[in-house]
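Inspection log for the structure reproduced underneath, given as structure tokens.
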Amino acid sequence: MSGEHIGLVGLGNMGKPMARHLVAKGFSLTVYDVDDLLTRDFAQEIGATAAANLAELGEASGIVITMLPTGSVVREVVTCDGGLAGRMSAGDVIVDMSSSEPGGSRMLADELEKSGVVFADAPVSGGVPGAVNGTLTIMVGAKDAALVDRLRPVLETFGKKIIATGGVGSGHAMKALNNFIAGSNFASASEALILGERFGLDRAVMLDIINTSTGRNFATENLLGAQVLSERYNSGFTLGLLTKDVGIAATMSEELEANLPMVAQTGSWWRGALEAGSSDDDHTTAYRHWSAIAAK
Ligand code: NAD
137 MSGEHIGLVG LGNMGKPMAR HLVAKGFSLT VYDVDDLLTR DFAQEIGATA AANLAELGEA
197 SGIVITMLPT GSVVREVVTC DGGLAGRMSA GDVIVDMSSS EPGGSRMLAD ELEKSGVVFA
257 DAPVSGGVPG AVNGTLTIMV GAKDAALVDR LRPVLETFGK KIIATGGVGS GHAMKALNNF
317 IAGSNFASAS EALILGERFG LDRAVMLDII NTSTGRNFAT ENLLGAQVLS ERYNSGFTLG
377 LLTKDVGIAA TMSEELEANL PMVAQTGSWW RGALEAGSSD DDHTTAYRHW SAIAAK
């Protein structure tokens with residue numbers, strides 16, 4: 137066994153592989169998901185303890201990781217009646233690794249301060265393959281360097297690059313900005329393929345050229361061929377989650393009175409795709425929506 141007892145809340149596409157790494161590296165781990173059956177089966181499969189509820193997990197753990205869909209779900213599991221915070225002790229840490237709103241994270245950290253429970257944000261980039269391979273990039277917003285050092289052995293179990301970004305909320309701000317770039321790259325590369333096809337170019341040939349040219353990016357290299365042209369639409373990252381992330385960046389632009397045009401446009405572009413589909417669809421299905429608009 138190594139280090140402190142860890143709790144992990146949220147056993148989805150990302151939380152499950154992260155939990156596997158923690159157990160494989162010798163951490164003693166308690167897990168919880170709102171899906172009871174999933175919690176029990178998965179805990180048994182990896183050799184972790186299944187918590188019957190959030191309070192049980194909070195009481196058992198010195199460090200609790202949340203890997204949940206949104207910041208409002210994180211707030212709910214931390215502050216609700218029978219939630220994490222009620223049973224955690226002074227000096228314990230909640231580290232939110234979801235992609236949440238930076239402002240909400242700062243508020244939660246302030247609210248928890250009275251009880252001595254420390255809140256940090258450590259969102260990740262690298263997708264499901266990064267979580268499975270233990271190669272995630274992790275951006276840590278924490279009150280001081282000592283807290284980053286305390287979290288580092290835990291984060292290193294699934295992260296290859298761990299970077300302190302500043303105070304609480306700064307990791308979440310950084311993550312939203314990264315995903316704004318990823319979302320706008322996917323949208324612009326989709327438009328290029330749609331437009332090129334209309335001109336008479338072959339989409340596979342276009343990707344072949346783009347991927348050894350200056351237009352290449354994560355979307356052209358990993359998504360448009362493997363997920364869109366193949367019609368697999370199974371990247372492991374949903375339309376609802378990417379739209380949320382780009383929306384967080386767009387809101388930052390408004391709140392900071394920057395009012396930048398690209399981030400606002402990218403936000404509404406993804407919202408349109410979400411309205412045409414459903415939040416559980418893979419985010420790469422947005423291509424079909426934009427393609428349909430172009431066909432009108
Ligand atoms: P997911 O939807 O696959 O998993 C979320 C899990 O949380 C589910 O198992 C769900 O049952 C559980 N859950 C929901 N509400 C709960 C509650 N109240 N209590 C306990 N459990 C609850 O999502 P994911 O793809 O694993 O993403 C998790 C977070 O990581 C999101 O914030 C996402 O934006 C971020 N993220 C995802 C990826 C990716 O490629 N999937 C990459 C980087 C970051």
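Quick note on the working numbering: the sequence shown kicks off at 137 and runs consecutively. Glycine residues also receive a C-beta, built at the ideal position from the N, C-alpha and C atoms.
- Residue 428 and residue 360 have their C-alpha atoms some 16 Å from each other.
- Shown here, residue 277 sits in a strand according to DSSP, grouped into three states.
- For residue 244, same chain residues with a beta-carbon under 7 Å away, outside a window of 5 residues either side, are 211, 214, 255 in chain order.
- In the three-state reduction of the DSSP assignment, residue 361 falls in the helix class.
- When Cβ pairs closer than 8 Å are counted between the two stretches, the region 182-200 is seen to touch the region 149-160, the count reaching three or more.
- Boundaries of the alpha helix (DSSP H) harbouring residue 174: 172-182, taken from the DSSP string.
- With a cut-off of 7 Å, the C-beta of residue 224 is classified as distant from ligand 1, since no heavy atom of the ligand falls inside that distance.
- For the pair residue 241 and residue 305, the CB atoms are nearer than the 8 Å cut-off.
- Within the same chain, Cβ atoms closer than 8 Å to the Cβ of residue 176 are found at 186, the five residues on either side in sequence being excluded.
- For residue 294, the Cβ stays outside the 7 Å cut-off from all heavy atoms of ligand 1.
- The shortest C-alpha to C-alpha distance from residue 317 to any of 378, 178, 279 is the one to 378.
- Your pair residue 375 and residue 421 checks out as a contact, with CB atoms roughly 6 Å apart and the cut at 8 Å.
- No heavy atom of ligand 1 is found nearer than 7 Å to the CB of residue 217.
- When the Cα atoms are used, residue 326 and residue 402 turn out to be separated by approximately 13 Å.
- In the three-state reduction of the DSSP assignment, residue 226 falls in the coil class.
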